[in-house]
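Using the numbering used here, the first residue of the sequence shown is number 3, and each one after it goes up by one.
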Amino acid sequence: MNRFYLTVILSLATVTSLSAQMLVGSYNIRYKASSDSINGNLWQKRCQVMCDQVNFMSPDIFGAQEVLHVQLVDMLAGLDGYDYIGVGRDDGKTAGEYAAIFYKTDRLRLLDQGNFWISETPDRPGLGWDAACVRICTWGKFAAQTASNDEAFFFFNLHMDHVGVTARREGAKLIVSKIREIAQGAPVIVTGDFNVDQNDEIYSIFTKSGLLKDSYAATRLRFCENGTFNSFDTDLYTESRIDHIFVSPSFNVDAYGVLTNSYWAPNADSSTQLKGHDAPQEINFSKYSRRQPSDHYPVFVRLN
């Protein structure tokens, strides 16, 4: 084959491959609580750090959990080029936490959307089984701006109960059933705070469903130096991953990461200027407190 045409073909193949790549994420942002502010974890600062982090990573789409309406408004103001879908779990409008899905409007087209509650009555708000809180799952059907509707995928985002074991077990079965019903065999991405780790029997309801695989287990590259819950304590370590990104078997998972970025806040000792060990004397240091923008670490996955 002529070398010129071979080069063109290889170039086009590369462009096609790159255009098919997608960065997705899951982020439990921690609801805005007065007790957090008292302890120094102010939402205004946390929001700025999280939005800066997301904007830097620039995921095509990500699921967020524990989003109150006031936080939703703040995030939309701080995020670059994102829109959202979702409703408040308490009334199907704006009351209570959202399981919001944020997506880049210049990369993805929203084709359809919906919500269901993780309960015995999934078509309306209500507690499920032994759950402590009303729980919701938001879903959307998306396609790349350059793709046809036939190349669409479904994105589900949820937050399972933190107390009710039965609610988590029956909820997992319901979610798998709803995925079958709604996606009808199309590619699926599921993000969320599942409140169970990779060793729990409820985790296996998803991974043994035949519909989904854990992106952590399936990835080619992995950057994961901690679990996904930190309790607002930068010194804690855990093996447990309770924030998961499950994907259809057809997806190739190229990279998986749990990002443990921190920020630094001034404290009573911050006014004292210090010199570092073996540091240039032109550099001045101050003692600041290291903080986390949320009590969960975000998970990001590169798919193709």
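Ideal Cβ positions, reconstructed from N, Cα and C, are used throughout, including at glycine.
Contact belief for residue i with residue j at Cβ below 8 Å, rounded distance in angstroms
i: P127; j: R91; result: 7 Å
i: T193; j: G65; result: 4 Å
i: V301; j: V255; result: No, V301 and V255 are not in contact; Cβ-Cβ is about 12 Å, not under 8 Å.
i: L74; j: Y84; result: Incorrect: roughly 11 Å between the Cβ atoms, too far for contact.
i: I247; j: S217; result: 4 Å
i: Q147; j: D108; result: 7 Å
Proximal residues to residue i (C-beta, below 8 Å), its chain only, five neighbours per side dropped
i: S39; result: W45
i: W266; result: Y290, S291, R292 and R293
i: L81; result: C53, V56, N57 and F104
i: N159; result: S28, G65, A66, Q67, G88, A101, A102, I103, C139, T140, W141, V192, T193 and G194
Environment of residue i [buried if 16+ CB atoms lie within 10 Å]
i: L70; result: buried
i: Y299; result: buried
i: D62; result: buried
i: V72; result: exposed
i: D245; result: buried
i: H279; result: exposed
Residues sharing a beta bridge with residue i, DSSP
i: Q67; result: N30
i: R291; result: The question names Arg, yet the displayed sequence has Ser at residue 291. Answer by DSSP bridge pairing, in chain order: A267.
i: L261; result: DSSP output for L261 lists no bridge partner at all.
i: M24; result: L305
i: I204; result: Paired residue(s): none; I204 is not in a bridge.
i: I138; result: W119
i: D216; result: F248
i: N159; result: T140 and T193
i: V255; result: L305
i: H298; result: F231
i: I40; result: Per DSSP, none; premise fails for I40.
i: L112; result: F144
Other residues of its chain near residue i: CB distance less than 6 Å, five sequence neighbours each side excluded
i: M24; result: D62 and L305
i: S288; result: S272
i: Q275; result: N286
i: S242; result: D199 and G229
i: P282; result: none
Contacts around residue i, its chain only, beta-carbon distance under 7 Å, and the 5 residues preceding and following it disregarded
i: K95; result: V89
i: T209; result: K215 and D216
**Prompt:** Using 8 Å as the threshold, is the segment 216-232 in touch with the segment 267-276, meaning 3 or more CB pairs across them?
**Reply:** As far as the Cβ criterion goes, the segment 216-232 does not touch the segment 267-276, which means the pair count is below three.
**Asked** Do three or more CB pairs link the segment 135-143 to the segment 199-215 at distances below 8 Å?
**Response** Touching, no, given that fewer than three Cβ pairs across the two stretches are closer than 8 Å.
**Message:** Count Cβ pairs between the segment 113-124 and the segment 162-178 that sit closer than 8 Å; are there 3 or more?
**Reply:** With the cut-off at 8 Å, the segment 113-124 and the segment 162-178 touch.
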